[in-house]
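Under the numbering used here, the first residue of the sequence shown is numbered 44, with each subsequent residue one higher. Have a look at the structure below before the remarks.
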Amino acid sequence: MNDNLKRMLGKRQQGGSLAASPSLQVGPRVRGGPVLQGGPGLGVELSAAADLQTQEHHPLAGPHSSFQQQQGTIQTGKTSNVGARLDAQRARRAKAAAGNHLAAIDLVKNYRKGEVEIPVLRGVNLGVRRGEFLAIVGQSGSGKSTLLHLLGTLDAPSDGEIHFEGRRIDNLPSSQRDTLRNRHLGMIFQFYHLLPELSMLENVLAPLMIAESAWGFFRRRRQHRTTATELLNLVGLGHRLKHKPRELSGGEMQRTAIARALVAAPRLLLADEPTGNLDHSTGREILDILRRLNQTQKLTIVMVTHDQTIANMADRIVRLADGCVQEV
44 MNDNLKRMLG KRQQGGSLAA SPSLQVGPRV RGGPVLQGGP GLGVELSAAA DLQTQEHHPL
104 AGPHSSFQQQ QGTIQTGKTS NVGARLDAQR ARRAKAAAGN HLAAIDLVKN YRKGEVEIPV
164 LRGVNLGVRR GEFLAIVGQS GSGKSTLLHL LGTLDAPSDG EIHFEGRRID NLPSSQRDTL
224 RNRHLGMIFQ FYHLLPELSM LENVLAPLMI AESAWGFFRR RRQHRTTATE LLNLVGLGHR
284 LKHKPRELSG GEMQRTAIAR ALVAAPRLLL ADEPTGNLDH STGREILDIL RRLNQTQKLT
344 IVMVTHDQTI ANMADRIVRL ADGCVQEV
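Following this line, the structure appears as structure tokens:
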């Protein structure tokens, strides 16, 4: 053993320590690993890591911060634009409904057959003034009956709105739509839909029987019978009060259907091809009745027909073509 080695061993045995460079001197172990003296401490490392993490995850930090900020602005702009468009649409629809007794606004109706969607109405806009007699004409299959059923809340649109007397009606609950049709909307169809077991008078009274409770109808039965009789006289059937539908002609059954539609004193009458099953002479008589009701009672009437001659008796005619309404 050489002299240098002996001197080093002797110093260690005497409690000394190996001399080392200050930059490599090992300090006490902290959390599982040595910290080199002269290097950064644990607090500095955690602080630096925290800064790095903040920079990586903060939405406005890091090299992409300007892009992210711009992207947020674009998204906010999109939301703002959508909101503005919806506000403009609501304002336009409210303006279209104002002043009209009945209004269809941006009305769309699609039917689905299997996986195929069939468009029928493609954005109908139609306003009907109070007391107006309006005729809707169009080729077979153009959607005339579909439009009338939507106006009468018998069906719901795929999009758009329907307003009656300043109130939106297409989104009403089912019970309220039933009440609306029973009390305020009269409807006449191409097929008469009379109940075969009831007399003509009883068929006319049927809507009032449905609208009221049994006790309520019983208390006002005299008044209701008088009203129904007057209506049957108005349409020329005062002598047929006790006859059943099978005992009447087509024109007489349609007259009965008109009386039934009017018994609740509706403010709007919707007529779907009311002369479709009648000969020309009888059809003209039916239109004379409707025209007289419109003029004497200021009844608003919307009538669908394919007959241009019949349509010419109305105040105004519109044509339904390609799913849209065109003024004639």
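The C-beta atom is built at its ideal place from N, Cα and C for all residues, glycine as well.
Going by the beta-carbon positions, is the gap between residue i and residue j smaller than 9 Å?
| i | j | result |
| --- | --- | --- |
| I231 | A308 | no |
| L312 | V180 | no |
| Q330 | T318 | Before going further, note that residue 330 is Leu rather than Gln in the sequence given. Closer than 9 Å, so yes. |
| M252 | R283 | no |
| Q182 | H349 | yes |
| T189 | V163 | yes |
| N344 | E175 | Rather than Asn, the amino acid found at residue 344 in this sequence is Ile. Yes; because the gap between Cβ atoms is below 9 Å, this pair is in contact. |
| K187 | V347 | yes |
| E204 | A140 | yes |
| G372 | L191 | Summary: the structure shown does not reach residue 372, with the chain confined to residues 44 through 371, and so no result is reported for it. |
| R226 | A257 | no |
| L274 | Q297 | no |
| Q233 | D130 | no |
| L228 | L215 | no |
| D358 | L241 | no |
With a CB to CB cut of under 7 Å and the five nearest residues on each side skipped, what residues in its chain are close to residue i?
| i | result |
| --- | --- |
| G59 | Caution is warranted here: a pLDDT of 47 is assigned to G59, below 50, making its placement in the model unreliable, and the coordinate value is therefore given only provisionally. Cβ within range, chain order: n/a, list empty. |
| E370 | V361 |
| E295 | L280, R283 |
| M356 | L330, R334 |
| T270 | V306 |
| R289 | P239 |
Starting from the Cα of residue i, find the closest Cα among the options and give me that residue.
| i | options | result |
| --- | --- | --- |
| S201 | A131, N153, R268, S242 | N153 |
| L342 | T325, R310, H323 | R310 |
| G366 | V167, T269, V159 | V167 |
| R268 | V247, I301, L129, A300 | V247 |
| R264 | A249, R211, G209 | A249 |
| N276 | I301, T222, P239 | I301 |
| P239 | T270, V278, K287 | K287 |
| H323 | S217, Q351, Q266, R289 | Q351 |
| R327 | V368, V278, R289, E290 | V278 |
| N143 | E160, R128, K156, R172 | R172 |
| L237 | S185, S217, L291 | L291 |
| Y235 | D221, R128, A127, T299 | T299 |
Within the same chain, show all residues whose beta-carbon is closer than 6 Å to that of residue i, passing over the 5 residues directly before and after it, in chain order.
| i | result |
| --- | --- |
| A134 | none |
| T325 | G294 |
| T97 | Here the model assigns T97 a pLDDT of 45, short of 50, so the residue's position is not dependable and the matter cannot be decided. |
| F207 | L145 |
| R211 | E204 |
| I161 | Y154 |
| N337 | F176, I344 |
| R262 | none |
| V368 | V167, L169, V361 |
Note down, in chain order, each residue of its chain lying with its Cβ closer than 8 Å to the Cβ of residue i, except the 5 sequence neighbours on either side.
| i | result |
| --- | --- |
| T272 | L244, G281, L284 |
| L193 | A147, L150, K152, L164, A199, P200, I205, D213 |
| G209 | A140, A141 |
| F260 | L251, M252, H267 |
Any alpha helix (DSSP H) of 4 or more consecutive residues that is wholly inside the segment 219–269: Along the segment 219–269, the alpha helix (DSSP H) occurs as fully enclosed runs of 4 or more residues at 243–254, 257–262, listed in sequence order.
At a cut of 8 Å, does the segment 145–161 reach the segment 320–334 through at least three beta carbon pairs? Segments in contact, no.
Quick one: which unbroken beta strand (DSSP E) runs of 3-plus residues sit fully inside the segment 141–193? Chain order, please. List check, beta strand (DSSP E) in window: 145–156, 159–171, 176–180.
Which parts of the segment 306–369 are runs of the beta strand (DSSP E), unbroken and 3 residues or longer, counting only runs that do not cross its ends? Fully enclosed beta strand (DSSP E) runs of 3 or longer: 311–315, 343–347, 359–364.
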